[in-house]
Each structure stands twice: as C-alpha cells, then as structure tokens.
Amino acid sequence: MQIATLIASRDPADIIHCTIDMPVREVVALLAGKRIGALPVMNGSMVAGIFSERDLIYRVAEMGEKCLDCAVGEVMTAPAITVGAQETVLDALALMTRRRIRHLPVLENGALRGFISIGDLVKSRLDEVRHEAEALRTYIQTA
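Oh and the sequence shown: position 118 is 119 in our numbering, straight run, nothing missing.
This is the structure we're talking about:
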C-alpha cells in the first residue's frame, strides 16, 4: 500500500504544526493538549524540521528550563526526514527503523500533504495482513 492511500481521507489543512518562531513552551503545550508526540515545524509553506518529545528531553538535559523560552526553530531536529506520498508503507517503516524515528512528514510536490506516525503504519500493515489471511482462508475453504 502507498502512503497516499493511507492519508487520502486526511485534509492537509488539519495537520497540527508549529512555526519556527514559536516558543518551545507554546509548542510543548500544543503537544500536551493534543496528546501527540511530535509535529512538523513550518517555515512558511516549507517543512523546516520536526519537534518531538525527544527534542524536548535532549534540550532540557542540555540547557535546563531556559530552553522553554527558545524559538522551536533553534531546538528542532532539522532537516526533517520526509517520505513521498508515492512511497509504500513498508518503505516508510524501513526508513523509520533505519533512522530510529517515529514520525514522518509526507511531501507531495514539495508541499506538506500529511504527517504519519509509526502507529499509523503498523496499523495499516496489520490491517493488510489480516485481509490477506482472510482471503487465504476463504480461498482454502472454497478449494
């Protein structure tokens, strides 16, 4: 399955994001309020990076609470590792595993089209495996 199929029903306008100039304190409140682990950091219409729970932990360990007053653009992970909408779920899972990340912005013609988590991909893959198993059961029963 392609990533495009996975995000087809999602509206890009609904992607929760922040901008590079937002204070980390506000971004942390957004993460907590939405109960999410990461979000894309935008510079205009371009994905400048990603800010995640890990970024916060690393910066607090490094800088203490003063990191909360920094602009998120100063402490985000950049450049963002991204995936194209035409990539497969398995390719995206392999990329996440190889790079040890849990979130990927999905780009289409350079524009942010979606934001997926490892949970989205694992759920998609499990659904696919269940469907294949059911098809095999049906085939065996009718053979």
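From the three backbone atoms N, C-alpha and C, an ideal C-beta is built for every residue, glycine too.
Following the DSSP letters along the chain, one finds L108 inside the beta strand (DSSP E) bounded by residues 104-109. Residue state for M47 is assigned as strand, using DSSP reduced to three classes. One thing to note: A93 has its Cβ within 8 Å of the Cβ of I4.
In the DSSP assignment, the residues bridged to L40 are F52. Along the region 2-40, the alpha helix (DSSP H) occurs as fully enclosed runs of 4 or more residues at 4-8, 25-35, listed in sequence order. Residue environment for L137: exposed (fewer than 16 other C-beta atoms within 10 angstroms of its C-beta).
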